[in-house]
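In what follows, a structure is listed as structure tokens, so that the remarks can point back to it.
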Amino acid sequence: MLPYTTTQSSLRFKKLLVVIKQAAFEEYNQLKLRGLAPKALRWKRLESRYQAHKSCVNNLLGILRYHKVEFSCVNRAELDRQHLAGVDLLVAVGGDGTVLSAAHFLDHGTIPLLGINSDPITVSDMDTKKKTDERRSHGALCMCTSNSMADGLSKVLYGGAFLSERARIQCTVKSTFSETRLVPILNDLLIANPSPAAVSRFRMGWTESVDIVESAPLRDGRRNVDRAPVQKQYGTVTRFNGKPYDVKNSFHAWSSGMWVSTATGSTAAMAAAGGRPMETSSTQLQYLIREHMIEKIPSGIDLKDMNNGIFEKGEQVHLRWNSQSGKIFIDGSHLTHDLELGDEILINGDAPPLHIFAKTKYSIN
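Residue 92 is where the sequence shown starts when you use the numbering used here, and the numbers rise one by one after that.
Below is the structure:
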């Protein structure tokens, strides 16, 4: 199929970085060489998927050469921020997982992202007894597939596609001696005990800025920055990035953990866990406490209503982790952050939004 022909002669994007996923067939082949591959693997199926992915990548590179676009390629596992120098468009080839991984490196929100589903579900897959093949990527974050990328990519290159803006989650973890800001989160995060059978204990509340009275100056005229400030109000006070917050309306949760999602991720794991779908263009965030054990809490009726809720742009949720160990799973299982007893977590929607080319027009270019 010939690439899409446009009436515009100038390219909108001049330097591209193509991020390519490593197919499962390649990963299992490496394990096979070491005698570690699972015995029940269906090698023909894996090889078929690998060939489809490889064909998509080769066709994509041919299209880019046709349009005389400068580009470079990198494996998804080897992607680093140094690869983004001078790049004005990031192209993720694989599925939703590849798009999510690539988006983590776009933490300033200045480089747009295009997702291409290299191995979409075919008509023959839908004829099977199960109707859909869940082992393929759904491609919800991909603008086009291997079958439509010639037309779709050409529209992107010459300014004929629609660039959407997606809200992302900002999550900061404060430990005893450190404070870590995690990568921007496009879909969702899961905060839970590493063991799915263990209870996740945490205290959850909402932050409010604290008005403080500065400490009196020392004899030499300097301020005693180490001395705790005098507070105008009483509560559970914490600091993030040097700014004090009062934690309001807090309650203790014994559960299987908690989901937090953007509008983009609200139709994925959040929906499967019982959450509500949201408009994709929304800047709100949604949380859901999983399997909250509230039967022994006197105010259990009220807490049950707080298991699932929305918080607006500008609002912040605060958690104190009360289990011995924990993990934050970021946009899936590949990227995690370890938690220990006493760690504090601040969650809001202040991360720079992601600009990503979408399947449908719901925001302006």
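Using N, Cα and C, we set each Cβ at its ideal position, and we do this for glycine too.
The structure presented is a predicted model; accordingly, all values stated were derived computationally and were not measured.
For phenylalanine 448 and cysteine 164, the gap between their C-alpha atoms comes out near 19 Å. Assignment of valine 148 by DSSP, reduced to helix, strand and coil, places it in the helix class.
At a Cβ-Cβ threshold of 8 Å, leucine 430 and glycine 417 count as neighbours. DSSP, read as helix, strand or coil, puts asparagine 340 in strand. Rounded to whole angstroms, the Cβ separation of leucine 180 and leucine 232 is 16 Å, and the two are not in contact under 8 Å.
Here glutamine 173 is exposed. Its C-beta has fewer than 16 other C-beta atoms within 10 Å. By DSSP's assignment, glutamate 431 forms a beta bridge with Ser416.
Annotated as proximal: valine 184 and valine 110, with beta-carbon spacing under 8 Å. The secondary-structure analysis by DSSP pairs glutamate 117 with nothing; it has no beta-bridge partner. A direct Cα-Cα distance of roughly 15 Å separates threonine 371 from lysine 404. In the DSSP assignment, serine 245 falls within the alpha helix (DSSP H) that extends over 240 to 248.
When rounded, the separation of the alpha-carbon atoms in phenylalanine 116 and leucine 254 is 33 Å. Annotation for leucine 281: the continuous beta strand (DSSP E) segment containing it runs 279 to 283. Taking 8 Å as the cut-off, the beta carbon of leucine 376 is found no closer than this to the beta carbon of asparagine 399. A straight line joining the alpha-carbon of threonine 267 with that of aspartate 434 spans about 7 Å.
DSSP places glutamate 370 outside both helix and strand once states are collapsed to three, so it counts as coil. Alanine 258 is a Cβ neighbour of serine 373, given a cutoff of 8 Å.
Put simply, of Leu127, Tyr141, Pro129 and Trp134 the residue whose alpha carbon is nearest the alpha carbon of glutamine 113 is Tyr141. The beta carbon of valine 190 sits closer than 6 Å to those of Ala183, Gly206 and Leu232, all from its chain and outside the five residues before and after it, given in chain order.
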